[in-house]
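Protein chains in written order, with our numbering: chain A, 255 to 613; chain B, 4 to 507; chain C, 797 to 1158.
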């Protein structure tokens, strides 16, 4: 009975195999290359806080925005069967609104921070709803629909900033993107955990995940079963927008300024990649959020590994591309079925031998 | 006699992991005959066809084809290879490209050279279409033709490729009577030209209308080959099912007597929708089984879709149990205890990648609400109950529904609606494309539901089924209700007459 | 006249491809003529149009590549990165390795073909999602660009500089500067000629070759195309191969225009190319599209940008915001037009009249 349960659990989670193997491979590679790669040390940073540093922390910390966006992207991918390529641009807009409100405030208290966050959430949700409306009501492919905001989003951010890159200095903001005084672990890691728990709660206490999968697999049938496909697609875009706002705020918190051109640049590509590495079909339908999160950490682990190997940051992409291709080739249906055929052959051969032995 | 044979298959064997799909099957096709290949689902018809078209490779056995009077053994490696050897297939789902023109669809990937000669292609296509009397223009975009015409264009393509063997796999299942007649005309023309046609269908009447010979398969084995005159319809069914037809005859419909003074379960007046422009009135009482009948395209599906709110409702008043309500979306209808099993199972019914369990509980889950999901164990209990009750054959509750056979998929969808305990259930072609055994089960289920007080509206292309189950029939023609038959009037001959409109 | 000839001659309703193409061309001309009427000045001179072409020759080629891939139902977002890699490689090859122009052209085409080949193999034979494969291609190309040379470079090869400066001059399309009375002829860069020739070749390829028609078929419904005997895998493979080749050529054309190479060359070119294809009436879903439309798509995008600048909105953000708005307009227009087909057809009005005439004659 127990082995049965394990079998079921395993068959339901086979898609996580590739990201898990990839992360393990990276860990082993790094440990061989440098046994102290994952050592964590307690140091004192510029602000006089006791903080943990090390490659492991920088992987977990650096992947925060990506992991949050990948979660939202998974929902959009599943429901709409396409990807939102405007998340980077939308994050720039959200960040600009965030900074604008903080700059406008007389003093930055936790309440202004929360108000600013809610405001930038609202703005991001408006843009998300715009994308969602194009996709769900007008039936436009997600990539095309979001191409609009991708094209002009950063210019809108520029316009909000009035053509400058305003900076905000506040210990509260620093705590958001860096460390809360007295806590040695970077705040973004906690934010990812909170977001993941929120998603888990939403999936546990609503039927969101079933509905989104049903809409993604067969929209017409879903509608005839009383599900509102337009609403579900719209909702997935709005949820992604909230993720975008959170990621934008973290990013602003890290830098203490908003640069419309470079804030979370090309993050949409990484987010889509995280979804794919996590074993989720980019054509929509069934999904696993945990896969996308693992995918995000895989990408970041790879990046940090390359940095540690002294690869210049602009050239990292080339090596990343090779690893990505290897991962997707291993995960491709053709290779998978060929491998399983080979496996069956070996197994069949084995059982044949056994039978022969019996005789 | 032997000279007439165009295709011979001898001792065909094939097995898939765990299943012997065909064992020692022989099949013979003569020149200029229409040969029906019959059998229940899982009998091995489609496997045999797929071997012939090169989709599967046989484990053992021989295939011979006649070329200019000499017989030669062939091996078929791929669909392309089959075509080159003179075996063409027209599938149920149109396998043409809707974005190309008619002429292109006929000539694509044929002929020599890497350039396309548009002028010649369009001229040839025009001549071909005219010769076969197909109402299409060569430069028309294929997507703008009706389904029947698209099907005929697919046949025209096959014919023009000098095929000796033409396989028609369920070509009529989405055509109306007029279109079927058109298709049969074309088939007879081809027969006269000496093409051997293999015709696969679920419609028994059509077999007797157009075929010369029947080969029956059951459980992957050959039952026999028969001349059509020597095999009456009842015997054919018996051969296909492997037992005599007492199952079908022991079903008896009870006379329906509505409860006095009770408001109808559902009542509509002047209902119209975007796809059903003519207003119609409709009502059904508790425990009644009624049906919409008429030719395909007569508006029967559109009518029930309007009742369920599946299309955009544009007008009319609706009452449930005597109370006026508004139904403009499926969810409204569901909340009033109405269930709707859609006509096209693949498109409107199953959620292919979700498990049997998720598919069964879907409708009930939606009714229960977005914020109140079923726990895994609750869902499993429900699914388990209905898998048992309807004898659904599935490996486990977690199996994706797409890997089930058609009949079992249909039972899952039925289970989905039964689980909501509807007071009124609409079944649109629940028996289409599934084997006879399951058909009978579903008909029995309908009668049992009615006994339990559920109202059922039943639609089927097979009039016999309607006669067996319905106590009241609404006959439709040209998107209008043209007659209502009650009780003893529900007879095949009367229905035919009303549909044709020749009675008066 | 027999019946068949008449059916052939009868005007058919526009196919989806033709309809979208017509809309784009009409809108471009309407916009350009409106710009001439309102702002006059530069818009009245042919040189304005030629400058649009001069500045966008490589984009036109990239957009052609995208159109081919998109008609086949795929996508290639590596074109910009590939352009950058080719530009950088050619500069380094010409200046440091003593290459000549001919071998440099071969090098750029070779790089393009190599990328296209890998993309095609992975996408069509291993059935990996095109978005992910070409995304990796883009990453690889951009990364390689900096590995070839991390510092920005400028071409100094003498022969190349000569080629770069060469302009086709058309005096009768030029204009006379009023103050000096001197005639300035209209100038066209070599890259534009290359781009236009490529547009023509691709147009011919899509319309007249079996490969082209097969491409439409697999874009419309790849399953059906397979059943019709189209070699789907090979066709798809070829489309990515050609896309790679064109991106390589686009890189060389880009170099001929600027002569400079750095990591951000042709940044965002893939999205501009996709946008141009879409405005030109190519659907990302595949099966519908036309390369002439793509050419007009590029011109439409550029015209909007110059109109924005001419009309006095000089803040840098206005150009992209209007581009976005325009893209939104076209996307919505296509969605509305295509979803309403069959319900109401403008072209039907004309067609019915003609058939009536034929009937009357009978």
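Beta carbons are placed, not taken as given, at the ideal position from N, Cα and C, and that holds for glycine.
For residue 38 (chain B), DSSP records a beta bridge to B:201 and B:216. For residue 1073 (chain C), the enclosing alpha helix (DSSP H) begins and ends at 1065-1075.
Interface flag for residue 924 (chain C) against chain A is set, since a Cβ pair is found closer than 9 Å. In the three-state DSSP reduction, residue 305 (chain A) falls in the strand class (E or B).
Taking all protein chains in view, the Cβ of residue 232 (chain B) is surrounded by fewer than 16 other Cβ atoms within 10 Å, so the residue is classified as exposed. Per DSSP, reduced to three states, the secondary structure at residue 144 (chain B) is strand. Under DSSP, residue 227 (chain B) shares a beta bridge with B:219. Distance from the Cα of residue 100 (chain B) is smallest, within the candidate group C:1074, C:1089, C:1009 and C:1132, for C:1009.
At a cut-off of 9 Å, the C-beta of residue 482 (chain B) has no neighbouring C-beta in chain C. Residue environment: residue 356 (chain B) is assigned as buried (16 or more neighbouring CB atoms within 10 Å of its CB, all protein chains considered).
Among the residues of the segment 421-447 of chain A, none has a Cβ less than 9 Å away from any Cβ of chain B.
Per DSSP, residue 338 (chain A) lies in no beta strand (DSSP E) and is assigned neither H nor E.
Against chain B, the CB of residue 817 (chain C) has no partner CB under 9 Å away; the residue lies outside that interface. Within the segment 16-93 of chain B, the runs of beta strand (DSSP E) that reach at least 3 residues and sit entirely inside it are, in chain order, 22-33, 37-41, 63-70, 73-77 and 90-93. Residues are counted here when their Cβ sits less than 9 Å from a Cβ of chain B; for the segment 304-322 of chain A the count is zero. Contact annotation for residue 841 (chain C) against chain B: no contact, minimum CB-CB distance about 39 Å [criterion: below 7 Å]. Within the DSSP bridge table, the entry for residue 358 (chain B) names B:403 as partners. Close CB contacts of residue 439 (chain B) within its chain, under the 8 Å cut and outside five residues either way in sequence, are with 43, 240, 243 and 244 (chain order). The residues 478, in chain order, have a CB closer than 6 Å to that of residue 485 (chain B) in the same chain once the five nearest residues on each side in sequence are set aside. Taking all protein chains shown into account, residue 236 (chain B) has fewer than 16 neighbouring C-beta atoms within 10 Å of its C-beta and is therefore exposed. Considering only beta carbons, the part of the segment 371-394 of chain A lying closer than 8 Å to chain C consists of 388, 392, 393 and 394, in chain order. For residue 1043 (chain C), there are no C-beta contacts with chain B under 7 Å, since the nearest C-beta of that chain is about 23 Å from it. For the segment 996-1079 of chain C, not one full-length beta strand (DSSP E) segment reaches 3 residues or more.
Residue contact with chain C for residue 121 (chain B): present (Cβ-Cβ distance below 9 Å to some residue of chain C). In the structure shown, the three-state DSSP call for residue 549 (chain A) is helix. Between residue 294 (chain B) and residue 472 (chain B), the C-beta spacing is below 9 Å. Comparing alpha-carbon positions, the option among C:1050, C:1025 and C:856 lying closest to residue 161 (chain B) turns out to be C:1025. In this structure, B:497 is the residue among B:210, B:58 and B:497 with its C-alpha nearest to the C-alpha of residue 488 (chain B). As far as DSSP is concerned, residue 349 (chain B) takes part in no beta bridge. A distance below 8 Å between beta-carbons, with the five flanking residues on each side excluded, links residue 538 (chain A) to the following residues of its chain, in chain order: 331, 332, 333, 334, 335, 336, 470 and 471. For the set B:202, B:377, B:298 and B:499, the Cα lying nearest the Cα of residue 481 (chain B) is the one of B:298. Taking 3 residues as the shortest admissible run, the segment 121-177 of chain B contains the following complete beta strand (DSSP E) segments, listed from N- to C-terminal end: 168-172.
Excluding residues up to 5 positions away in sequence, 970 and 972 lie with their Cβ nearer than 6 Å to the Cβ of residue 979 (chain C) in the same chain. Contact of residue 417 (chain A) with chain C is assigned, a C-beta pair being separated by under 9 Å. Between residue 527 (chain A) and residue 553 (chain A), the C-beta gap is smaller than 9 Å, which places the two residues in contact. In the DSSP secondary-structure assignment, residue 296 (chain B) is bridged to B:478.
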